[in-house]
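K.L.:
Start counting the sequence shown at 307; every next residue gets the next number (my numbering). Ideal Cβ placement from N, Cα and C applies to all residues, glycine included.
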Amino acid sequence: MEYIQKHVIRFILLICIAWSNNFGIGNGTAVFNVLDYGAVGDAKHDDSQAFLKAWKAVCGVGKDSATLEIPYGKTFLLQPTRFAGPCNTNSPHVQVLGKIVAPETPNAWKLCGSNSEFSWITFSSVQNLIMDGSGEIDGQGSSWWNVMTVLLSAMGRVLSTLATLHEDLICIFFNSVGSLGKHGDFAGVEEVRVHNCSFNGTQNGARIKTWQGGRGYARKIHFDKITLIAAQNPIIIDQKYCAFDSCNNPRPSVEVSDITYSGVQGTSADEQAITISCSAFPG
Numbered sequence: 307m308e309y310i311q312k313h314v315i316r317f318i319l320l321i322c323i324a325w326s327n328n329f330g331i332g333n334g335t336a337v338f339n340v341l342d343y344g345a346v347g348d349a350k351h352d353d354s355q356a357f358l359k360a361w362k363a364v365c366g367v368g369k370d371s372a373t374l375e376i377p378y379g380k381t382f383l384l385q386p387t388r389f390a391g392p393c394n395t396n397s398p399h400v401q402v403l404g405k406i407v408a409p410e411t412p413n414a415w416k417l418c419g420s421n422s423e424f425s426w427i428t429f430s431s432v433q434n435l436i437m438d439g440s441g442e443i444d445g446q447g448s449s450w451w452n453v454m455t456v457l458l459s460a461m462g463r464v465l466s467t468l469a470t471l472h473e474d475l476i477c478i479f480f481n482s483v484g485s486l487g488k489h490g491d492f493a494g495v496e497e498v499r500v501h502n503c504s505f506n507g508t509q510n511g512a513r514i515k516t517w518q519g520g521r522g523y524a525r526k527i528h529f530d531k532i533t534l535i536a537a538q539n540p541i542i543i544d545q546k547y548c549a550f551d552s553c554n555n556p557r558p559s560v561e562v563s564d565i566t567y568s569g570v571q572g573t574s575a576d577e578q579a580i581t582i583s584c585s586a587f588p589g
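This is the structure we're talking about:
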């Protein structure tokens, strides 16, 4: 009888240790693996709802930190997904160890063309978010750039420009760091860090673009450990951007301040690697 009791106690202890490790008892953290919430990770099934269920658990935990774990060795297909706050967790943590992929083609993208879903992965109303890991987030952008069966009435320069035109952005929205103050809108973006990213053959790299006539601010934005490979505009701040004829008259622009770049390396496709175009009329 005593022998059985010892083994039962040992079994209970093992369960408790496993549960403690999973939920981070003692260090103020909790870990929620998306596989435990129904994610498949075969790159075919839509795992969006499983991710949202796991996020809801992370967001609802009353701990200093809670982790949404995306495990190694799996590839998770996500449709446009919005991870919404506010959270009870003081510092939500998304740990990407596996791979996240977008739908392969525009036709496979749910709500494609809808005004409500132009972004793929969105975090909204979330404070102190940490996102890291050794995994990969693949937007499968090449299928969106492909241009087929196009008739051009002008050749030479137009053809060359069209054939090479593509743009990859890591966007942090108010309308994104890449497009602030359009249509005279107020924009407010601050405390943004873009860390350990690569831009390969892109039209723009570490870019901040504000429209003429916009209002507001973009500040405390930090780019570090950035690798650029044949980018056309590796580093660019354009405070006077405008795509319309009415932009000939100088107008106020979104105020840009406290921008830092560190650990930026790589190659430029153009002779001018850095472009700083400031407005004399910050809004």
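I'd like to check one pair, PHE389 with PHE429: are the Cβ atoms closer than 7 Å?
P.N.:
Going by C-beta atoms, PHE429 is nearer than 7 Å to PHE389.
K.L.:
If you reduce the DSSP assignment to three classes, tell me which class CYS548 lands in.
P.N.:
If DSSP states are grouped into helix, strand and coil, CYS548 belongs with coil.
K.L.:
Name the two residues that bound the continuous beta strand (DSSP E) containing PHE357.
P.N.:
Not the beta strand (DSSP E): PHE357 falls in the alpha helix (DSSP H), residues 354-366.
K.L.:
Indicate the three-state DSSP secondary structure (helix, strand or coil) for ALA414 in the structure shown.
P.N.:
Looking at ALA414 - three-state DSSP - the assignment turns out to be helix.
K.L.:
Among residues of its own chain, excluding the 5 on either side of SER459, which ones have a beta-carbon nearer than 6 Å to its beta-carbon?
P.N.:
Only weak support exists for where SER459 lies, its pLDDT of 36 falling under 50; the value from the coordinates is given anyway. Contacts found: none.
K.L.:
Classify ASN506: buried if its beta carbon has 16 or more other beta carbons within 10 angstroms, exposed otherwise.
P.N.:
When all chains shown are included, ASN506 counts as exposed.
K.L.:
For ALA360, is the classification buried or exposed, using 16 other Cβ atoms within 10 angstroms of its Cβ as the cut-off for buried?
P.N.:
The residue is buried, with at least 16 neighbouring Cβ atoms inside 10 Å.
K.L.:
Under three-state DSSP, which class holds LEU384?
P.N.:
Note: LEU384 maps to coil in three-state DSSP.
K.L.:
By the 10 Å Cβ neighbour count, where 16 or more other Cβ atoms means buried, how is GLU375 classified, buried or exposed?
P.N.:
By the neighbour-count rule (16 or more Cβ atoms within 10 Å), GLU375 is buried.
K.L.:
According to DSSP, is GLN571 part of a helix, a strand, or is it coil?
P.N.:
Correct three-state label for GLN571: strand.
K.L.:
Got a sec? Which residues, its chain only, sit under 6 Å from MET437 by beta carbon, not counting five neighbours each side?
P.N.:
Excluding residues within five positions, the ones whose Cβ falls inside 6 Å are VAL400.
K.L.:
Looking at the structure shown, is GLY494 part of a helix, part of a strand, or coil, going by DSSP?
P.N.:
Of the three classes helix, strand and coil, the one that applies to GLY494 here is strand, per DSSP.
K.L.:
Looking at the unbroken beta strand (DSSP E) that takes in TYR378, where does it start and where does it end?
P.N.:
First-last for TYR378: undefined, no H or E at that position.
K.L.:
Return the first residue and the last residue of the beta strand (DSSP E) that GLU278 is part of.
P.N.:
This structure cannot speak to residue 278, because the chain is shown only from 307 to 589.
K.L.:
Determine the burial state of ALA512: buried for a count of at least 16 other Cβ atoms within 10 Å of its Cβ, exposed for fewer.
P.N.:
With 16 or more Cβ atoms within 10 Å of its Cβ, ALA512 is classed as buried.
K.L.:
My output table needs one value for LYS350: the three-state DSSP class, helix, strand or coil.
P.N.:
Here LYS350 sits in strand by DSSP.
K.L.:
Once DSSP output is grouped into helix, strand and coil, what is the label at LEU486?
P.N.:
Three-state result, LEU486: strand.
K.L.:
Is it the case that the Cβ atoms of ASP530 and GLY569 are separated by a distance below 7 Å?
P.N.:
Result yes, Cβ atoms of ASP530 and GLY569 sit closer than 7 Å.
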